[in-house]
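In our numbering, the protein residues as written are 84 to 473. Positions of the beta carbon are idealized from the N, C-alpha and C atoms, including for glycine.
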Amino acid sequence: MKLLSKIFIPNFQDTQDKKVREGYGVLAGIIGIICNLLLFALKLILGLFMNSIAVISDAFNNLTDCGSSIIAIIAAKMSNRPPDPEHPYGHGRIEYISSLIVAIIILLVGFELLKNSFGKILNPEEIVFNSLSIILLLFAVAVKLWMYSYNRYIGNLIDSGVQKATAFDSLSDAIATSAVIVSTLVGYYFNLKIDGYVGLLISLFILYAGYSVAKETISVLLGASPNEELAERIVELVNEGEYIVGTHDLKVHDYGPGRTIASIHAEILDTVDFVKGHLIIDNLEKRITEELNINIVIHLDPICTDQEKNVVMEKLVQDTVSEVNNDFSAHNIRMTKGYDCNNVIFQVIVPPDHLTQGEEYRIEIIKKLKDKDPKLNVIIDNITAPAQVR
């Protein structure tokens with residue numbers, strides 16, 4: 084695959100370039116179409132010759148995979164279109180929508196093959212055994228394992244959900260075809276008609292593949308939590324900034340692979356000159372954009388260094404948190420001065436068996452604090468167990 088990439092994709096090593104990502108997607112799709120068309124024709128002929136519903140089912144699964152490859156190519160092309168007035172953040176989510184379409188197609192084929200397999204179980208027929216047929220099916224397994232390998236490689240290389248899903252689907256096909264070989268050999272040597280049952284097993288594999296792709300894609304489209312490694316790295320880089328003493332309110336929005344937009348509040352000592360603080364934030368934004376390939380906006384929050392005010396605020400917060408539950412405590416309390424209010428930021432430490440009610444406690448603590456000081460803006464970083472405090 085690396086050789087093909089080098090031949091057909093200019094600057095193939097620059098995977099952050101959108102044109103290169105598109106090139107990988109198109110190349111993988113074209114190879115997928117060619118391989119799946121060959122496998123469809125091969126398995127359909129073998130299935131009709133062997134009178135095997137399992138092989139025929141597997142053949143039409145490969146035809147569906149061919150359609151999926153076409154959709155993936157279209158998605159790679161369309162998702163690379165530049166932003167326009169109607170879509171200021173680009174068209175990257177087309178790739179996710181295409182993954183969902185592929186998942187629906189896979190599910191429809193799975194349900195159809197499930198129905199056919201039940202028919203074969205109720206009315207089993209003899210399977211024609213041929214050594215050449217088994218050899219050809221083993222060849223099909225090898226092709227699908229190779230497709231799994233290159234799709235997985237490309238999926239990880241360009242962080243493409245479509246390619247990763249296709250890799251999983253190829254692996255399922257390899258397992259399914261292996262099951263067909265087993266059923267044929269069992270039927271021939273032991274005179275057991277398990278073809279319909281194996282077809283049923285294959286349909287379940289297809290349905291599971293479709294469900295997995297759909298679940299992951301819908302999760303992203305609905306706004307799944309950001310990648311934990313990415314979130315931790317953003318916080319780490321911001322905290323490396325001069326005079327930065329903490330962060331909060333990180334938000335990450337995914338508009339498609341390579342199109343991530345983030346925002347975060349950086350806490351800086353209120354004794355730092357405004358111009359210098361602004362320069363520090365600008366440099367952090369540039370560094371994060373270059374290193375992580377995301378667009379980020381950093382909001383500067385001046386942290387109060389007046390010890391008397393901090394002591395008063397810490398007591399207010401600790402007392403309020405204890406009122407909710409004596410086993411709770413506040414951690415890492417910071418205060419920033421707003422235009423017409425004070426912002427207080429902190430973590431809440433609770434016993435592990437209280438974590439499931441975290442959101443309820445968050446609402447209650449915020450309400451109690453605002454009852455005591457209506458002008459207070461309360462930001463609870465997280466509610467966690469002691470061992471998880473960072």
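Ranking ASP464, CYS387, LYS85 by CA distance to the CA of LYS334 puts ASP464 first.
For ASN408, no beta strand (DSSP E) encloses it, and the DSSP letter there is neither H nor E. Beta-bridge analysis with DSSP links VAL335 to ALA345.
For GLU350, DSSP records a beta bridge to GLY329, ASP384. In the DSSP assignment, PHE429 forms a beta bridge with ILE463. Taking all protein chains shown into account, ASP384 has 16 or more neighbouring C-beta atoms within 10 Å of its C-beta and is therefore buried. Within its own chain, the residues whose Cβ lies closer than 8 angstroms to the Cβ of ASP242, once the five positions on either side in sequence are excluded, are PRO340, GLY341, listed in chain order. A distance below 6 angstroms between beta-carbons, with the five flanking residues on each side excluded, links SER152 to the following residues of its chain, in chain order: GLY112, GLY115, ILE116. Closest in C-alpha terms to VAL185, from the list ILE364, CYS149, PHE273, comes CYS149. Boundaries of the alpha helix (DSSP H) harbouring THR249: 244 to 273, taken from the DSSP string. Counting only residues of its own chain and dropping the five nearest sequence neighbours on each side, THR403 has a CB closer than 6 angstroms to the CB of LYS451, LEU452. In terms of CA proximity to VAL400, VAL431 leads the group ASP410, GLU391, VAL263, VAL431. The beta carbon of PRO435 sits closer than 6 angstroms to those of ALA468, all from its chain and outside the five residues before and after it, given in chain order. For LYS420, the three-state secondary structure derived from DSSP is strand. Cβ-Cβ separation between ILE217 and THR267: approximately 7 angstroms, consistent with a contact (criterion under 8 angstroms).
The alpha-carbon separation between GLY282 and HIS437 amounts to approximately 47 angstroms. Counting of Cβ neighbours within 10 angstroms places ARG164 among the exposed residues, the total staying below 16. Closest by C-alpha distance to TYR326, out of LYS102, PRO171, LEU215, LEU352, is LEU352. Assignment of beta-bridge partners to ASP167 by DSSP yields HIS170. Counting other Cβ atoms within 10 Å of its Cβ, GLU299 reaches 16 or more and is therefore classed as buried.
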